Every structure is written in C-alpha cells, then in structure tokens.
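**Q**
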Amino acid sequence: MTKYMIVTNNPSVQEKYDVIQEVEGDFRDVLVAVRDLIHLGWRPLTHPLPASIRMMYSPVRSVVVTEESHDQSYEIIDQAMDLYDRTMGQRKPDYVNLEDYRLLDLELLTASLEDLS
1154 MTKYMIVTNN PSVQEKYDVI QEVEGDFRDV LVAVRDLIHL GWRPLTHPLP
1204 ASIRMMYSPV RSVVVTEESH DQSYEIIDQA MDLYDRTMGQ RKPDYVNLED
1254 YRLLDLELLT ASLEDLS
C-alpha cells in the first residue's frame, strides 16, 4: 500500500486513525492544508470535494494524500477550492447537523481507505 496521510478537521477521524494532519477550522481550511501539502510534493489520493453537493455544507472534511507528486494535483486543488467557494457563496457551514457530518465523513473515509488497500 502507498504511504498516505489523512488531512482532517474531524475529531472522529482523529480518534480512529494515527496517520493524520489535524486541521483547525472548517472544510475550506482542510482544502488550504491540502493545497499547502501539494506545494510540498504531496498529492491527493481521494478527491478534495465530496461526491454530493449537500456534503459541501459539512463543517468537516477528510482528504487522503500521498507523498508521490502528480502534475495535475495543482489543478485539482485549485478547481476544488474554486468550486467550494462558488457553491458556498455567502452560506455558512451547517453546524446544526455537525455530528451527522462527522459520522458520514468518517464512514466515507473508512470506505476510501479500504478501497486503497
């Protein structure tokens, strides 16, 4: 299996997995942390954005990255950040359903890690 790290602001993920970079803040702060790692030679193994628009309102996000660089990583993260900003507009993350989003993020991450192994 490829060496990986999980970039997350989800406490549920932080409790379950050891290979993490903890991010303070919301979903967009996770995207910024992933972008910063890409500039250091990492690349995303999971897409920075969720498959569902509704999940973009989530305050939490987890992204798996690896140290193997990839030419398209810059484009992927730039497009992800742009789409996130356009989708959210003036909206704020949905903290009312935070516990549900934490659980969904953890389950989606676990499934992704199983697919990667």
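When the letters of the sequence shown are read in order and numbered with the numbering used here, they come out as residues 1154 to 1270. We treat Cβ as the ideally placed atom computed from N, Cα and C, and that holds for glycine. Only a predicted model underlies this, so the values are computations on that prediction, with no experimental measurement involved.
Do you know how far the Cα of Glu1267 is from the Cα of Ala1186?
**A** When rounded, the distance between both Cα atoms is 23 angstroms.
**Q** Check for me: the alpha helix (DSSP H) holding Tyr1254 runs from which residue to which?
**A** Counting along the chain, the alpha helix (DSSP H) containing Tyr1254 begins and ends at Leu1251 to Leu1269.
**Q** Pairs of beta-carbons, one from the segment 1218 to 1227 and one from the segment 1246 to 1263, closer than 8 angstroms: are there three or more?
**A** Contact between the segment 1218 to 1227 and the segment 1246 to 1263 is absent, because fewer than three Cβ pairs lie under 8 angstroms.
**Q** If we ignore side chains and look at the alpha-carbon of each, how far apart do Gln1167 and Tyr1157 end up?
**A** Between Gln1167 and Tyr1157, the C-alpha separation is close to 15 angstroms.
**Q** Once DSSP output is grouped into helix, strand and coil, what is the label at Thr1240?
**A** It is helical.
**Q** With burial defined as no fewer than 16 other Cβ atoms inside 10 Å of the residue's Cβ, what is the status of Asp1258: buried or exposed?
**A** By the 10 Å Cβ count, Asp1258 comes out buried.
**Q** Between Pro1164, Val1213, Met1208 and Leu1193, which lies nearest to Asp1182 when the distance is taken from Cα to Cα?
**A** Looking at the Cα atoms, Val1213 is the closest of the given residues.
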